[in-house]
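One structure is given here, and the rest of the page talks about it.
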Ligand SMILES: Nc1ncnc2c1ncn2[C@@H]1O[C@H](COP(=O)(O)OP(=O)(O)OP(=O)(O)O)[C@@H](O)[C@H]1O
Ligand SMILES: [Mg+2]
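Numbering (the working numbering), first residue to last: 181 to 537.
What follows is the structure in structure tokens.
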């Protein structure tokens, strides 16, 4: 997106998230019957607690440094990279345009009419668009997805990558990267059904519900709930520092009473939060059920979360593993990578952008 070149060659997927830099470098090992990928390199590099706030880059140097470290640890030689903007930093809108316009004509029309759709002065925004397909029932028109973001959001991400020695060639949006990574999930690959799928990305500070239907995100809702609640409870109860709590949660070595005193109530709270988000979706739309739930984000690594959510909400649920159908280069520590898998959806979705023609 955002007018950068797109080439059919590997891209580093770089997810600049609140808690860490996550890097994925893939190669494509087959294209038929479905594309298959190999993980060539990956890295997970924690960020200092104040480096990102509200998904905005606050400490640019610390972020660049962490990217540099991630690249170096991953041993990847790939320099071209894809990065994502958080959903809150973009405005999207679907408009209808005549189907027989050339790309250039379409761009002209969009530039010309953009001020109707975007609440900022046009010289302060970056704008991109993509044709989604014909308007249902009207083959002469196409639906076009407009994406706009304040230039500073794009420039910030581009510059931290450049300072780290990378060449950013794609600036995507987090939600589209997650959607893209969903194409790799075995549960969602049956082309005969048109399931309504809820993807819940549970990060550190926030939880976002995306509803996917017919290859589109038809609904998004963000709630203030995430792994931070778990971490703060662990810190408080076991008198641990921020770093200690984070590390022990990831390793599953918090304390003997962790399961009963912390995890049991946390899982219930999480299931309740997801249930609430779904209620908002049902009450705001004509849908009254969904077919499947996918849990992604680091907090989806919480032990037994799948069972509890599935039992409470009575919806078939799985934890996202974008690597389920990939092979691994021999240098990859696959056990560690699989432990991080639910939190790598954005990075994987970004890396996949290298294989679009
Ligand atoms: N094994 C685990 N059990 C429970 N929680 C975990 C585990 N591993 C990681 N987490 C939690 O996942 C969270 C990080 O998730 P993720 O990497 O998706 O967040 P983020 O993308 O950095 O944050 P955000 O999406 O809010 O910007 C942390 O709060 C961490 O405590
Ligand atoms: Mg995240």
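Even for Gly, the Cβ is constructed at its ideal location relative to N, Cα and C.
Per DSSP, what are the beta-bridge partners of residue 347 in this structure? Residue 347 sits at position 167 when you count from the first residue of the chain shown. DSSP lists 260 as the beta-bridge partner residues of residue 347.
Between which two residues does the alpha helix (DSSP H) carrying residue 361 extend? The residue labelled residue 361 in the question sits at position 181 within the chain shown. Residue range 354-362 is occupied by the alpha helix (DSSP H) that includes residue 361.
For residue 216, is the beta carbon positioned less than 7 Å from some heavy atom of ligand 1? Indexing the chain shown from 1 puts residue 216 at position 36. Taking the Cβ of residue 216 as the reference point, every heavy atom of ligand 1 lies at 7 Å or farther away.
Over the uninterrupted beta strand (DSSP E) stretch that includes residue 217, give me the two end residues. Locating residue 217 in the chain shown gives position 37, where the first residue counts as 1. Here the beta strand (DSSP E) through residue 217 covers 216-226.
Going by the C-beta, is residue 477 closer than 7 Å to any heavy atom of ligand 1? Here residue 477 refers to the residue found at position 297 when the chain shown is read from its first residue. Answer for residue 477: yes, Cβ within range of ligand 1.
Are residue 209 and residue 218 touching if we call contact CB-CB under 8 Å? If you number the chain shown from 1, residue 209 lands on position 29. If you number the chain shown from 1, residue 218 lands on position 38. For residue 209 and residue 218, yes; Cβs fall inside 8 Å.
State yes or no: is the C-beta of residue 496 within less than 8 Å of the C-beta of residue 521? Here the question's residue 496 lines up with position 316 in the chain shown. Here the question's residue 521 lines up with position 341 in the chain shown. Remark: C-beta atoms of residue 496 and residue 521 do not approach each other more closely than 8 Å.
Regarding residue 381 and ligand 2, is the C-beta to nearest heavy atom distance less than 7 Å? For the purposes of this step, residue 381 is identified with residue 201 of the chain shown, where counting begins at 1. Checking the Cβ of residue 381 against ligand 2 gives yes.
Can you check DSSP and say which residues form a bridge with residue 321? The count along the chain shown starts at 1 and reaches residue 321 at position 141. Bridge partners of residue 321 according to DSSP: 278.
Could you give the residue range of the alpha helix (DSSP H) that holds residue 445? On the chain shown, position 265 is the one that residue 445 refers to. That run of the alpha helix (DSSP H) goes 444-464.
Using three-state DSSP, classify residue 535 as helix, strand or coil. In the chain shown, residue 535 corresponds to position 355, counting from 1. Helix at residue 535.
Inter-residue spacing [alpha-carbon to alpha-carbon] between residue 464 and residue 492: The residue labelled residue 464 in the question sits at position 284 within the chain shown. The residue labelled residue 492 in the question sits at position 312 within the chain shown. The alpha-carbon of residue 464 is positioned some 22 Å away from that of residue 492.
State buried or exposed for residue 274, treating a residue as buried only when at least 16 other CB atoms are found within 10 Å of its CB. Here residue 274 refers to the residue found at position 94 of the chain shown. With fewer than 16 other Cβ atoms inside 10 Å of its own Cβ, residue 274 counts as exposed.
Pick out whichever of 517, 516 and 263 has its Cα sitting closest to the Cα of residue 348. Translated into the one-based positions of the chain shown, residue 348 becomes position 168. Minimum Cα distance to residue 348 is reached at 263.
To which residues of the same chain is residue 392 closer than 7 Å at the C-beta, ignoring the five residues directly before and after it? Taking the chain shown and counting its residues from 1, one reaches residue 392 at position 212. Taken in chain order, the residues that qualify are 359, 362, 377 and 379.
Supposed contact pair residue 193 and residue 530 - C-beta distance, whole angstroms, cut 8 Å: As a first step, residue 530 is located in the chain shown; it is residue number 350 there, counting from the start. As a first step, residue 193 is located in the chain shown; it is residue number 13 there, counting from the start. Taking C-beta atoms under 8 Å as the contact rule, residue 530 and residue 193 qualify, at a distance of about 3 Å.
Contacting residues, own chain, Cβ-Cβ under 8 Å from residue 186 (five flanking each side not counted): Walking along the chain shown from the start, residue 186 turns up at place 6. A caution first: residue 186 carries a pLDDT of 48, below 50, which makes its placement in the model unreliable, though a value can still be read off. Excluding positions up to five away in sequence, the list reads 349, 350, 533 and 536.
Pop quiz: residue 294 and residue 312 are said to be a contact at Cβ under 8 Å. What is the actual Cβ separation, rounded to whole angstroms? Position 114 of the chain shown, counted from the start, is the residue given in the question as residue 294. Position 132 of the chain shown, counted from the start, is the residue given in the question as residue 312. The beta carbons of residue 294 and residue 312 sit about 17 Å from each other, so the pair does not count as a contact at 8 Å.
Helix, strand or coil, according to DSSP, for residue 505 in the structure here? The residue labelled residue 505 in the question sits at position 325 within the chain shown. Residue 505: coil per DSSP, three-state reduction.
Can you grab the Cα-Cα spacing for the pair residue 420 / residue 292, in whole Å? Looking up residue 420 in the chain shown gives position 240. Looking up residue 292 in the chain shown gives position 112. Whole-angstrom Cα-Cα distance: 56 Å.
Going by beta carbon distance, what residues of the same chain come within less than 6 Å of residue 344, once the five residues before and after it are set aside? Sequence index remark: in the chain shown, residue 344 carries index 164 (1-based). For residue 344, where only same-chain residues beyond five positions count, the Cβ hits under 6 Å are 244, 247 and 248.
So is the beta-carbon of residue 236 under 7 Å away from any non-hydrogen atom of ligand 1? As a position in the chain shown, residue 236 is number 56, starting the count at 1. Checking every heavy atom of ligand 1 against the Cβ of residue 236, none is found closer than 7 Å.
What I want to know is whether the C-beta of residue 340 ends up closer than 7 Å to one or more non-hydrogen atoms of ligand 2. Counted from its first residue, the chain shown places residue 340 at position 160. Set against 7 Å, the gap from the CB of residue 340 to the closest heavy atom of ligand 2 is not smaller.
Would you check if the distance between the CB atom of residue 199 and the CB atom of residue 227 is smaller than 8 Å? In the chain shown, counting from the first residue as 1, residue 199 sits at position 19. In the chain shown, counting from the first residue as 1, residue 227 sits at position 47. Yes. Within cutoff.
Work out the CA separation of residue 325 and residue 310 for me, nearest whole Å. Here residue 310 refers to the residue found at position 130 of the chain shown. Here residue 325 refers to the residue found at position 145 of the chain shown. Inter-residue distance for residue 310 and residue 325 is about 5 Å (C-alpha atoms, whole angstroms).
Opposite residue 310 in the DSSP bridges: which residues? Looking up residue 310 in the chain shown gives position 130. According to DSSP, which records beta bridges pairwise, residue 310 is partnered with 325.
Could you tell me whether the Cβ atoms of residue 240 and residue 340 are closer together than 8 Å? The residue labelled residue 240 in the question sits at position 60 within the chain shown. The residue labelled residue 340 in the question sits at position 160 within the chain shown. For residue 240 and residue 340, yes; Cβs fall inside 8 Å.
Expressed to the nearest angstrom, what Euclidean distance is found between the alpha-carbon atoms of residue 207 and residue 395? Locating residue 207 in the chain shown gives position 27, where the first residue counts as 1. Locating residue 395 in the chain shown gives position 215, where the first residue counts as 1. Distance from the CA atom of residue 207 to the CA atom of residue 395, rounded to whole angstroms, is 24 Å.
In chain order, what residues of the same chain have a beta carbon less than 7 Å from the beta carbon of residue 300, not counting five sequence neighbours either side? Taking the chain shown and counting its residues from 1, one reaches residue 300 at position 120. Cβ within range, chain order: 330.
Answer yes or no: the CB of residue 495 versus the heavy atoms of ligand 1, is any distance below 7 Å? Position 315 of the chain shown, counting from 1, holds the residue named residue 495. Not so, every heavy atom of ligand 1 lies at least 7 Å from the Cβ.
Can you tell me whether DSSP reads residue 207 as helix, strand or coil? Translated into the one-based positions of the chain shown, residue 207 becomes position 27. Residue 207 sits in a strand when the DSSP states are folded into three classes.
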